[in-house]
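Chains A and B supply the protein sequences, listed in that same order.
Take the first sequence: its letter number 116 is residue 711 in this note's numbering, and every next letter is one higher.
Take the second sequence: its letter number 78 is residue 65 in this note's numbering, and every next letter is one higher.
This report refers to the structure that appears directly beneath it.
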Amino acid sequence: MLNSKIPAGSLDKKWEDYKGHCKLVNPANKRNMEVIIVGTGLAGASAAASLGELGYKVKAFCFQDSPRRAHSIAAQGGINAAKNYQNDGDSVFRLFYDTVKGGDYRAREANVHRLAEVSGNIIDQCVAQGVPFAREYGGLLSNRSFGGTQVQRTFYAAGQTGQQLLLGAYSALERQVALGNVTMYNRHEMLEVVTIDGKARGIIARDLISGKLERHFGHAVLLCTGGYGNVFYLSTNAMGSNVTAAWKATRKGAYFGNPCYTQIHPTCIPVSGDHQSKLTLMSESLRNDGRIWVPKKQNDNRKPADIPEEERDYYLERRYPAFGNLVPRDVASRAAKERCDAGYGVGSSKQAVYLDYAAAIERYGKIEANKRQMHNASAAEITKLGKEVVAEKYGNLFDMYAKITGENPYEVPMRIYPAVHYTMGGLWVDYELMTSITGLYALGEANFSDHGANRLGASALMQGLADGYFVIPYTLGNYLADDIRTKAIPTDHPAFAEAEKNVQDTINQLMNIKGTKSVDHFHKKLGKIMWDKCGMARNEQGLKEAIVEIQQLRAEFWKDVRIPGDANEFNPELEKAGRVADFLELGELMCVDALNRRESCGGHFREESQTEDGEAKRDDDNFAYVAAWEYKGPSQFELHKEPLEFVECKPTQRSYK
Amino acid sequence: MEHYNMNLTLKVWRQKNTDAQGHFESYQVPGVSSEMSFLEMFDVLNERLINEGKEPIAFDHDCREGICGACSMHINGRAHGPWSGTTTCQLHMRAFKDGDTITVEPWRAGAFPVVKDLTVDRGAFDRIISAGGYVSVNTGNAQDANNILVPKDKADQAFAAAACIGCGACVAACKNSSAMLFVSAKVSQLALLPQGQPEKKTRALNMIAQMDSEGFGSCTNTGACEAECPKEISLTNIARLNREYITAGFTYEK
Chain A
596 MLNSKIPAGS
606 LDKKWEDYKG
616 HCKLVNPANK
626 RNMEVIIVGT
636 GLAGASAAAS
646 LGELGYKVKA
656 FCFQDSPRRA
666 HSIAAQGGIN
676 AAKNYQNDGD
686 SVFRLFYDTV
696 KGGDYRAREA
706 NVHRLAEVSG
716 NIIDQCVAQG
726 VPFAREYGGL
736 LSNRSFGGTQ
746 VQRTFYAAGQ
756 TGQQLLLGAY
766 SALERQVALG
776 NVTMYNRHEM
786 LEVVTIDGKA
796 RGIIARDLIS
806 GKLERHFGHA
816 VLLCTGGYGN
826 VFYLSTNAMG
836 SNVTAAWKAT
846 RKGAYFGNPC
856 YTQIHPTCIP
866 VSGDHQSKLT
876 LMSESLRNDG
886 RIWVPKKQND
896 NRKPADIPEE
906 ERDYYLERRY
916 PAFGNLVPRD
926 VASRAAKERC
936 DAGYGVGSSK
946 QAVYLDYAAA
956 IERYGKIEAN
966 KRQMHNASAA
976 EITKLGKEVV
986 AEKYGNLFDM
996 YAKITGENPY
1006 EVPMRIYPAV
1016 HYTMGGLWVD
1026 YELMTSITGL
1036 YALGEANFSD
1046 HGANRLGASA
1056 LMQGLADGYF
1066 VIPYTLGNYL
1076 ADDIRTKAIP
1086 TDHPAFAEAE
1096 KNVQDTINQL
1106 MNIKGTKSVD
1116 HFHKKLGKIM
1126 WDKCGMARNE
1136 QGLKEAIVEI
1146 QQLRAEFWKD
1156 VRIPGDANEF
1166 NPELEKAGRV
1176 ADFLELGELM
1186 CVDALNRRES
1196 CGGHFREESQ
1206 TEDGEAKRDD
1216 DNFAYVAAWE
1226 YKGPSQFELH
1236 KEPLEFVECK
1246 PTQRSYK
Chain B
-12 MEHYNMNLTL
-2 KVWRQKNTDA
8 QGHFESYQVP
18 GVSSEMSFLE
28 MFDVLNERLI
38 NEGKEPIAFD
48 HDCREGICGA
58 CSMHINGRAH
68 GPWSGTTTCQ
78 LHMRAFKDGD
88 TITVEPWRAG
98 AFPVVKDLTV
108 DRGAFDRIIS
118 AGGYVSVNTG
128 NAQDANNILV
138 PKDKADQAFA
148 AAACIGCGAC
158 VAACKNSSAM
168 LFVSAKVSQL
178 ALLPQGQPEK
188 KTRALNMIAQ
198 MDSEGFGSCT
208 NTGACEAECP
218 KEISLTNIAR
228 LNREYITAGF
238 TYEK
C-alpha cells in the first residue's frame, strides 16, 4: 500500500506542524547512528554536510574523483526562491502555484508547498557560505526571470549557478570531512542496497580503482544519485550520470514513480554528427533576452542576416503572446519540433531554430548609452555597449557556443534544438522522502516528487538543496529516533554476504560474455529507440514496438557485449557496462509507463491526446495519479497508484497564451 | 564554418596502474572530423581499440561542457591543449590540421600520481579544501541574504576567483608543480566577501600548510598557471593569497 504520509491540516501549516511534532534524536545518540549517502551533488552534498553538522556518522560515496564534480556543477541559469526582493508580486504561494501548474498538475501539492516555503532559507544559507551570487550596484542580490513565471525570482551567478551552489555545499561537506563527521569515498560506485528484516541497512560499493567490492553498514541509506536522462544516450547529462543506484533499489523493492516523465530542454546546441557523445545546454536564461524564430518560408537556405524582419516567424511570441519566449520548457520544445517537422528548420541538418540576440544587444546598448549620457550614440556604439552587457550576463554561455560550433553568437544567431535534460520521474518517496523500502531515502532528482510532469527552470537546484539542507535533517530524525537501540550491524551478516555475492556474480557474468560489440554500441542503439519512440512525442504503436526492441537489444547485450580488461582494476568499460545494463531495463519500464498513461501532460506528450491546436491534453478523470511501479522480475512491473488531490491549485487546461 | 576531415597520429601515454612503468604508444587515427571534440576523437579511437580486442585508453571526463573539471589531458606540452581558456572537453578538432602528430600525456606532478593512462589522482585538492576552504556556517544559522551588502565589484571578483573548476591544469603547467593558483582562488573568493572575514587568517595558514604537506612545489611567479587555466583565474589571486598569508603570519595570536 502506498502511504504518502502527508500531514493533516491546511497546506500552509503542514510542514510547520510536522517540524513541531516529529521525533528527535538526542546528540549523544546521533553519534552512534550511521548514515550512508550515495551521490554528492546538490542533494547529497547538502545532506551529508547538514547531517554531519547534526552529529550523525556519515559515509558519503561518489563515482567521480571528487565530490565537487557531481553533475549539479553544470546547472547554468539559476535557483528560484520566493524572496520577493523585486516587489513584483512574488510569494510562497505564487512559487508553489507556478510549480504545480508548470508541472501540469501531476505533482504532490504538500511537497511543492514545502519546497516553496524553504526556498528563501536556501538563498540565505548559500550567501552565508560565501556563494558569490550576482549583485546590483547597491550591493543587493540580483534576480532574473525564467520560463513559466511572470515574476523575477531567480538568483544566479552568471551562467554558473550550479557550480557555485555545489562548491558551497562541497565546501560545507569538506568541512565535515575535516571534523571527522563525514567519511568520503571517492571513485566508489554503489551496486546494491542491503536490506535486513525489510529495512535498508547498507550498501555494496565497488572501489573503482582496485575493483574490490566493499560492504558498508548504515542505519539508513540516502540515494542522491540524480536523474536517468542518459538512457537516451545523447542528453545534457554528464557522461557518467546513471540510474544504477536507483535501479538497484527498484529491483530490491522500491517503487519507481512516473518513469516516463522526461524533460526535453528547448535550447541545446544541435547534433553535429554520428561521433556526438553528449549534448550541451544553452541556459534557459537566454530566453529572457533572446528571441526564437524560423524563416516564414519552408526550406529557406538564406543566411539568417539575409532574411528580413518581415520574413521571420517568431513563433513563440506569435502562439503564446502572454509568455512569449518564456513559455515552459515542454511547450517551447514541442513548438520547435513542430516547426522543424513542418520544414521550417534551419542549419545544415534542418533540425534547429534560431535564438537571436540582435534585438537584446540593441536594447541593452541604448539603456547603457542613456546611463552614460550618450544621447546621440551611433548604431555601432550602441551595438558595442550592448554586447558588453550581454557578455556580462551570458558571456560564458556565448563562449561555450562559440567553442563548440565555431560561430560567433554575438554576430550570428545561435542554432538550437531540444535535447533530453532532466527526468521528473524517479524513486517514489513519501512526504518524508522515504522510498517504499523502510530506511531507504531518495533526494533531489533521484526522487519523483516535486516537479510533476514538467519541471520549471531554476527549480532543480532549489529542490536538491531543499531536500538536503532543510527536509532530510528533520525527516530522517523522525525515523532514526525509533532505531536508537539498533547497534551497528557487522558486515559479516548473511545479508551483506548475499548482496555482495549477487554483485560479484553480475560482474563475473558481464566479464565472461566476451562478445563482439562495445558497450557504447548498445547504449547508442538504446538511445535511438528511446528518442524515436519515447521522446518528445509518443504513441501507442511506437511504444509497443519500443518495448519489444528493447527486450531484444537487452538479450543481445547479455550475449554479445565486449568488456576489455579485468574486473580487479580501474576499468571504465566495466563501469559503463553495468550502467547500460540497468538502462536497458529502465528504458523498458519508461515505455511501459508511457504506454499506460494515455493522456498528455507536461513533458509526456501522447499524440493521441492533444487539443485542436496541438497542445498537451490531460485526462484528469483517469490519470490524476502518480504511477508507482513495482519490479516483479524481468519485464514484469506492477502498477500502484497514488491519487493526487488538488486543494489549492485546481487543475485547469494549462494556458500560456 | 567549413568542416573538414583529417588523418592524425596520436602519441598517447599508456600506464597500467600507479606502480607500473609507463610508455608512449602511437596510433594512426584517420577520418577525424573537424566538428568533433577532442574527447570524441578519443571515443572513436577507443571504440576501435575495443573492436580490435585491445584495451581502451583510460581518461577522466564527465560533464563534457567545461565545468566539472574532470578532464585533464596534457596536449602537445600544454595543459588542456592549444586553445586558451578551454578545457580538454571543449577543445575541438578544428584546432588541428591534416597530418598533425598530437602528443597526449597525463598531468605530471608528484602530488598527482597517475592512476591509469591519462587518469591521475587529484585527492590532494580535496584535502586542501577541507583544511579551510569554507565558511563555518551550519545549516540554519544564516540570516536574511540581503542583510549584508556586498559591493558589486567585490562580488564580481569573488565570483571570478570562485570559477575555478579544480582541474589541476595550474599544477600541471607549473615547472614547480605548485598549487598556488588553486589555493589562491579559494582564499581570494572568501577573503573578498564579508562572510569570509572571521576565518581569513586560519584559512590562509591552514590551506598553505596542507598544500605544502601534499608535496606541491613553491611559486616562482612564472605565470604559466594563469596562461593555461581554462577558467582564466588571475595571477592577482596569488598576490592576494600572499598578502593574506603574510598578514596572518604576523598577526595571528595563537
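For each residue, glycine too, the CB sits at the ideal point set by N, CA and C.
Query	Result
What three-state label does DSSP hand H(-10)/B in the structure shown?	coil
Using C-beta distances below 6 Å, list every residue in its chain close to G18/B, excluding the 5 sequence neighbours before and after it, in chain order.	N(-8)
Kindly say whether A211/B, judged by its beta-carbon, lies nearer than 7 Å to any beta-carbon of chain A.	no
With distances taken Cα to Cα, identify the nearest neighbour of A1076/A among L808/A, Y613/A, K625/A.	K625/A
Under 8 Å by Cβ, that's how I've got M995/A and Q77/B pegged, so tell me the actual separation to the nearest angstrom.	7 Å
Let's test the definition: count the other Cβ atoms within 10 Å of the Cβ of A917/A and tell me whether it reaches 16, buried, or not, exposed.	exposed
Suppose only complete runs of 3+ residues qualify. What are the beta strand (DSSP E) ranges in the stretch 755 to 825 of chain A, listed by chain order?	777 to 780, 783 to 791, 794 to 802, 808 to 812, 815 to 818
Are the C-beta atoms of Q724/A and some chain B residue less than 7 Å apart?	yes
For chain A, check one thing: does any of its Cβ atoms lie closer than 7 Å to the Cβ of D87/B?	no
First and last residue of the beta strand (DSSP E) that includes Q184/B?	No beta strand (DSSP E) contains Q184/B, which DSSP labels as neither H nor E.
For chain B, check one thing: does any of its Cβ atoms lie closer than 7 Å to the Cβ of Q968/A?	no
On the criterion of 16 or more Cβ atoms from any shown chain inside 10 Å, does A623/A qualify as buried, or is it exposed?	exposed
Go through its chain and collect everything with a Cβ distance to N1166/A's Cβ below 7 Å, but skip five positions before and after it.	G806, G1160
Quick one: using the 10 Å Cβ neighbour count with 16 as the cut-off for buried, is F237/B buried or exposed?	exposed
Spell out whether any CB of chain B is found under 7 Å from the CB atom of R703/A.	no
Chain B beta carbons: is any one of them nearer than 7 Å to that of F688/A?	no
Taking Q1146/A as part of the alpha helix (DSSP H), name the residues at either end of that continuous run.	1135 to 1155
Between A145/B and chain A, is any beta-carbon pair separated by less than 7 Å?	yes
Give the DSSP-derived three-state secondary structure of E52/B in the structure shown.	coil
Going by beta carbon distance, what residues of the same chain come within less than 7 Å of S1031/A, once the five residues before and after it are set aside?	G848, A849, Y850, W1023
Going by alpha carbons, who is nearest to S740/A out of R1201/A, R882/A, V889/A, I1108/A?	R882/A
Pull the bridge partners of E92/B from the DSSP assignment, please.	H61/B
On the three-state DSSP scale, how would you describe M969/A?	coil
Please go through the same chain and pick out, in chain order, the residues whose beta-carbon is closer than 6 Å to the beta-carbon of V713/A, but skip the five residues on each side of it.	A1061, F1065
Would you kindly work out how many angstroms separate the C-alpha atoms of Q680/A and R748/A, rounded to a whole number?	Position check: residue 680/A holds Tyr in this sequence, whereas Gln was assumed. For Y680/A and R748/A, the distance between alpha carbons rounds to 8 Å.
Listing by chain order, which chain B residues have their CB less than 8 Å from the CB of H666/A?	D49, C50, C55
What separation, rounded to the nearest whole angstrom, lies between the Cα atoms of E1002/A and T875/A?	15 Å
Note down the Cα distance separating Q755/A from P890/A, rounded to an integer number of angstroms.	32 Å
Does D199/B come out as helix, strand or coil in the three-state DSSP assignment?	helix
Just reading off the beta strand (DSSP E) that P861/A is part of, what are its end residues?	857 to 863
Could you tell me whether the Cβ of F1165/A comes closer than 7 Å to any Cβ of chain B?	yes
Have a look at T790/A and A1090/A and give me their C-alpha separation to the nearest angstrom.	7 Å
Roughly how many angstroms lie between the CA atoms of A603/A and N1073/A, to the nearest whole one?	17 Å
Would you say S1250/A lies against chain B (beta-carbon separation less than 7 Å)?	no
Quick check on L177/B - is its C-beta less than 7 Å from some C-beta in chain A?	yes
Is the beta carbon of K891/A within less than 6 Å of some heavy atom of the ligand HEM?	For the structure depicted, the ligand HEM is absent and the ligand set is empty, with no information on it obtainable.
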